[in-house]
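Trainee: The opening position of the sequence shown corresponds to residue 0 in numbering that gives the first Met the number 0, with each subsequent residue numbered one higher.
For glycine and all other residues, C-beta sits at the position ideal for the given N, C-alpha and C.
Just so you know, these numbers come straight off a predicted model, no measurement behind them.
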Amino acid sequence: MSEARTAAVVVERHGSVRRFARPFDLPLARPLGECLALLGLCPLLLLAALWNGFPLIFYDTGAYMLQSFGDKFVPERSPVFSLFLLLGGGGLSLWVVALVQTVMATFVIVQTARVLVPSLTLPWILLIGLGLTIFTALPWYAGQIEPDIFTPLVVLTLYLLGFHANRLGWWRCAVLLWLGGLAAAVHPSHLGLAAGLVAILLVYWLVNSIARRPWPPVNPLLPALSVTLGFSMTLAANYHYTRHVFVSRAGPVFMVARMLQDGVVQKLLDDTCPTSNYMLCRYRKVLPHRADKWLWGPGTPFVKLHRFIGTEKESERIVHDALSRYPLWNAQLAARDALQQFTLFYTGDQIEPQQWILYRDFHAFIPHQLHEYSVARQQKGTLHFGLINLVHVPTGFAVIALLLAGIAGSWWKDDRRAAVLLGFVLLALIGNATICGVFSNPHARYQSRLIWVPAYVLALLAVDRPSLRLAAPLRIRP
């Protein structure tokens, strides 16, 4: 073969390799790179459900099914998530619901990377996604039929709408505004977290407007609109089921359960019965000492008093009286529970066989999915999280330490962009732990569902270092 022909073959092969590699070189700032990232991340987030053989199920899933497919109001469960389950294809297959919520989560993940590191390319975002899949509980919530995957979406959407709306473009802002509203509406704790974060953004905006050296600008209007949309969805969904307008009727009941676990209810009953005429006075010698046993155990006084509906008014009274009588003690207990919740984030909380309570709901509402549900690893009891948590728990503590170090380092270097992002995430972690630990009671899944967010933003800030950038800074194309 002549030298000229050999050179031509080499050039042709080199060109073929470059054409093959070209999509991997596209940054997220380009629409094609953005789409490829979405397509690449979705399977990663579904890995846990795919390995299980069926979307992961929680005990609450049955109540959501009853509310959505049975059209029966369940006071302790969000009607918005029930309607999402119905309209999102749950009657066809719970795989459709898992896919829809995974696409939503992936969209927010990609948009976050796109505005923070627009030069990031497909291999980098997939590498970060793989790291989150291995080292955090992200895929265990993305593929679970439960509102928990939406908790981190509340945090990220409000941050993006507040600080980066001009970089997103109008249609992405519209999608994130709606998605943030939905994420807030699917669980009452999300509404509280979202309202708190918007309040923080408003305070930040006021302080920043008079500061001598302004920090990164924020527009609290879009986050406020998103949260308003979330409250509107909740009010509308509750009206759909009950013909009454309200946000939640179960809050005081959950708080009484937490106070019962902390010993506050027992002391209140001992100090005031029988003159207080609480219904619980006649049960004060047999009250369980765990919140979960009180709420969900068979044959408890809570069941005898007709659960959430029968105890709603008395729960409001007990909460009011307990806070009035023992304010300092309650404050100490609340701080302790919030701190416990902040540091409790192991993976697999109550992801276990649940046929004894959920078989009836599957058989009644989606019998064509019953076999696939029954033969999944979760229902066979072969999902074990011991080895997983040997990785996830130390990772969680390391992420918190790195988050605090990142805030301190950003402050020291006067990197206000990074300081605002990391500070916002830290406040979200604190807010979530406070809401869930105080108004419910500490459970690992409440914080586990959110711990991947600081890991993700820390990874993005790390790859945004000049020595690791795969391309020069780019203007984002809408």
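(1) Based on the DSSP secondary-structure assignment, which residues constitute the bridge partners of Q143?
(2) In three-state DSSP terms, what is T233?
(3) Going by the beta-carbon positions, is the gap between V109 and A36 smaller than 8 angstroms?
(4) Give the secondary structure of P26 by DSSP, where H, G and I count as helix, E and B as strand, and everything else as coil.
(5) With H, G and I counted as helix, E and B as strand and the rest as coil, what does DSSP make of T105?
(6) To the nearest angstrom, how far is it from the Cα of N237 to the Cα of P287?
(7) Are at least three pairs of beta-carbons, each pair with one atom in the stretch 76-93 and one in the stretch 356-375, less than 8 angstroms apart?
(8) Short check: CB of L152 to CB of M103, under 8 angstroms?
(9) Report the three-state DSSP secondary structure of T241 (helix, strand or coil).
(10) Assuming contact is defined by CB atoms lying nearer than 8 angstroms, are L44 and A141 in contact in what I supplied?
(11) Please state whether DSSP places T120 in a helix, a strand or coil.
(12) Does the beta-carbon distance from S447 to Y325 come in below 8 angstroms?
(13) Do you know how far the Cα of A337 is from the Cα of V96?
(14) Using the rule of at least 16 other Cβ atoms within 10 Å of the residue's Cβ for burial, across every protein chain shown, is Q377 buried or exposed?
(15) If we ignore side chains and look at the alpha-carbon of each, how far apart do L82 and V398 end up?
(16) State the Cα-Cα distance for the pair Y158 and P251, rounded to the nearest angstrom.
(17) Among R415, H239, K379 and V437, which one has its Cα closest to the Cα of V73?
(18) Going by other Cβ atoms of all chains shown within 10 Å of its Cβ, with 16 needed for buried, is H319 buried or exposed?
(19) Would you call the stretch 257-275 and the stretch 433-444 touching, i.e. three or more CB-CB distances under 8 angstroms?
(20) Rounded to a whole number of angstroms, what is the C-alpha to C-alpha distance between H163 and D270?
(21) Looking at the unbroken alpha helix (DSSP H) that takes in E313, where does it start and where does it end?
(22) Could you give the DSSP three-state label for L457: helix, strand or coil?
(23) Could you name the residues of the same chain whose beta carbon sits closer than 7 angstroms to that of G39, not counting the 5 residues immediately before and after it, in chain order?
(24) Determine, using beta carbons only, whether T394 and F134 come nearer to each other than 8 angstroms.
(25) So what's R289 in DSSP terms, helix, strand or just coil?
(26) Quick one: Cα of K292 to Cα of L304, how far?
(27) Alpha helix (DSSP H) containing H362: first to last residue?
(28) Assuming the contact rule is C-beta atoms closer than 8 angstroms, E75 and F307 should be a hit. Round their C-beta distance to whole Å, please.
(29) Is the number of C-beta pairs between the stretch 222-237 and the stretch 185-195 that are closer than 8 angstroms three or more?
(30) Would F19 be called buried (16 or more neighbouring beta carbons within 10 Å of its own) or exposed?
Mentor: Considering the structure as presented:
(1) Your numbering for residue 143 matches position 144 in the sequence shown. BP columns for Q143 point to L55.
(2) What you label residue 233 is simply residue 234 of the sequence shown in a count that begins at 1. Helix at T233.
(3) As a position in the sequence shown, residue 109 is number 110, starting the count at 1. As a position in the sequence shown, residue 36 is number 37, starting the count at 1. In this structure, the beta-carbon distance from V109 to A36 falls below 8 angstroms.
(4) The sequence position of residue 26 within the sequence shown is 27, counting from 1. DSSP, reduced to helix, strand and coil, places P26 within a strand of the structure shown.
(5) Here residue 105 refers to the residue found at position 106 when the sequence shown is read from its first residue. In this structure, T105 counts as helix in the three-state DSSP scheme.
(6) Indexing the sequence shown from 1 puts residue 237 at position 238. Indexing the sequence shown from 1 puts residue 287 at position 288. Rounded to whole angstroms, N237 and P287 show a C-alpha spacing of 31 angstroms.
(7) The stretch 76-93 makes contact with the stretch 356-375; the number of CB pairs closer than 8 angstroms reaches 3 or more.
(8) Residue mapping note: residue 152 aligns to position 153 of the sequence shown, counting from 1. Residue mapping note: residue 103 aligns to position 104 of the sequence shown, counting from 1. Less than 8 angstroms divides the Cβ of L152 from the Cβ of M103.
(9) Counting from one through the sequence shown, the residue named residue 241 turns up at place 242. The answer is helix: DSSP assigns T241 an H, G or I state.
(10) Here residue 44 is taken as the residue at index 45 of the sequence shown, counted from 1. Here residue 141 is taken as the residue at index 142 of the sequence shown, counted from 1. A distance below 8 angstroms separates the beta carbons of L44 and A141.
(11) One-based indexing of the sequence shown puts residue 120 at position 121. It is a strand residue.
(12) The sequence position of residue 447 within the sequence shown is 448, counting from 1. The sequence position of residue 325 within the sequence shown is 326, counting from 1. Taking 8 angstroms as the Cβ cut-off, S447 and Y325 do not qualify as a contacting pair.
(13) Locating residue 96 in the sequence shown gives position 97, where the first residue counts as 1. Locating residue 337 in the sequence shown gives position 338, where the first residue counts as 1. In a straight line, the C-alpha of V96 is about 32 angstroms away from that of A337.
(14) On the sequence shown, position 378 is the one that residue 377 refers to. Result: buried.
(15) If you number the sequence shown from 1, residue 82 lands on position 83. If you number the sequence shown from 1, residue 398 lands on position 399. It is roughly 35 angstroms from the alpha-carbon of L82 to the alpha-carbon of V398.
(16) Translated into positions along the sequence shown, residue 158 becomes position 159. Translated into positions along the sequence shown, residue 251 becomes position 252. One C-alpha to the other measures close to 30 angstroms.
(17) Here residue 73 corresponds to residue number 74 of the sequence shown, with the count starting at 1. The option with the nearest alpha carbon to V73 is H239.
(18) Residue numbering aside, residue 319 sits at position 320 when the sequence shown is read from its first letter. H319 should be labelled exposed.
(19) They touch, by the three-pair rule.
(20) Translated into positions along the sequence shown, residue 163 becomes position 164. Translated into positions along the sequence shown, residue 270 becomes position 271. Those two C-alpha atoms are separated by around 54 angstroms.
(21) In the sequence shown, counting from the first residue as 1, residue 313 sits at position 314. Here the alpha helix (DSSP H) through E313 covers R306 to R324.
(22) Residue numbering aside, residue 457 sits at position 458 when the sequence shown is read from its first letter. Residue state, collapsed to three classes: helix.
(23) Position 40 of the sequence shown, counting from 1, holds the residue named residue 39. Excluding five sequence positions before and after G39, the CB atoms of its chain that fall closer than 7 angstroms to its own CB belong to L121 and L125, given in chain order.
(24) As a working note, residue 394 is residue 395 in the sequence shown. As a working note, residue 134 is residue 135 in the sequence shown. Yes, the pair counts as a contact, with Cβ atoms nearer than the cut-off.
(25) The residue given as residue 289 occupies position 290 in the sequence shown. Here R289 sits in coil by DSSP.
(26) Position 293 of the sequence shown holds residue 292. Position 305 of the sequence shown holds residue 304. Those two C-alpha atoms are separated by around 15 angstroms.
(27) For the purposes of this step, residue 362 is taken as residue 363 along the sequence shown, with counting starting at 1. Here the alpha helix (DSSP H) through H362 covers Q354 to F364.
(28) Looking up residue 75 in the sequence shown gives position 76. Looking up residue 307 in the sequence shown gives position 308. With a Cβ gap of about 5 angstroms, E75 and F307 count as contacting.
(29) A contact exists between the stretch 222-237 and the stretch 185-195.
(30) To locate residue 19, count along the sequence shown from 1; it is residue 20. Unreliable placement is indicated for F19, whose pLDDT of 42 sits below 50; no coordinate value is reported for it.
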